[in-house]
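Take a look at the structure below.
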Amino acid sequence: MHAGEELQHAIKIAKQIDYLGGMPGVIPKPVITSNDPVELLKADLQNERVTVGRYRERIRQAEAMGEYALSGTLRAIIVQEQEHEIDLCAALGIDVPLPKNPTSGTNVAAK
Ligand SMILES: [Fe+2]
Ligand SMILES: [Fe+2]
Numbered sequence: 445m446h447a448g449e450e451l452q453h454a455i456k457i458a459k460q461i462d463y464l465g466g467m468p469g470v471i472p473k474p475v476i477t478s479n480d481p482v483e484l485l486k487a488d489l490q491n492e493r494v495t496v497g498r499y500r501e502r503i504r505q506a507e508a509m510g511e512y513a514l515s516g517t518l519r520a521i522i523v524q525e526q527e528h529e530i531d532l533c534a535a536l537g538i539d540v541p542l543p544k545n546p547t548s549g550t551n552v553a554a555k
C-alpha cells in the first residue's frame, strides 16, 4: 500500500517539475537492507520522518514563490507521508511520533 502511494507521489511530483520546466532527478538514495524486520521498520520510519520534514520545507518554498498548485500537490502528499509515519509507529509499538522542530519543520530526531 505504501509503495503504491510512493509511486503516485513520484508521478505527481514529476508532473509538477515538468510544468515548471525542470527535469526530475532519477538517482535514488541508497536503500538500507537488513534481515531484521524491526530494523527495516525503524529505517522506514526514519526515512518517512526525514521525508515529512523535507515536504514541509518544499511547501514553504512553493508558497513563497506563489506556486500554489505545486503547494497543493505537496500538501496532499505530506498527508499520506504522515500516515506512513503513523502506520510505522503503530507497527513498532511507538505511541506518538516525535515532536516537530517548529522552526525547521523537521522531526527532532531526523537530523
Ligand atoms: Fe512519498
Ligand atoms: Fe512515505
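Going by our numbering, the first residue of the sequence shown is number 445, and it counts up by one from there. For every residue, glycine included, the Cβ atom is placed at its ideal position computed from N, Cα and C.
Whose CA, out of the options, lies closest to the CA of residue i?
i           : options               : result
residue 503 : 491, 516 and 493      : 516
residue 497 : 511, 518, 483 and 473 : 518
residue 479 : 473, 487 and 472      : 487
residue 450 : 512, 527, 539 and 510 : 527
residue 453 : 445, 521 and 507      : 521
residue 457 : 482, 499, 477 and 447 : 499
residue 535 : 482, 477 and 510      : 482
Could you pull the start and end residues of the alpha helix (DSSP H) that residue i belongs to?
i           : result
residue 448 : 446 to 463
From the DSSP output, in three-state form, read off residue i for me.
i           : result
residue 481 : helix
residue 395 : With the chain covering 445 to 555 only, the question about residue 395 has no answer from this structure.
residue 531 : helix
residue 466 : coil
residue 471 : coil
residue 538 : coil
residue 516 : helix
residue 511 : coil
residue 476 : coil
residue 505 : helix
residue 555 : For residue 555, the predicted model reports a pLDDT of 41, less than 50, meaning its position is unreliable; a value from the coordinates is still stated below. Residue 555: coil per DSSP, three-state reduction.
Quick check: is any heavy atom of ligand 3 less than 8 Å from the C-beta of residue i?
i           : result
residue 492 : This structure lacks ligand 3; its bound ligands are ligand 1 and ligand 2.
With a cut-off of 7 Å, give the chain-ordered residues whose Cβ is closer than this to any heavy atom of ligand 1.
This selection yields 449, 450, 453, 495, 521, 524 and 525.
Are at least three pairs of beta-carbons, each pair with one atom in the segment 462 to 472 and one in the segment 487 to 499, less than 8 Å apart?
The answer is no - the segment 487 to 499 does not touch the segment 462 to 472, with fewer than three Cβ pairs under 8 Å.
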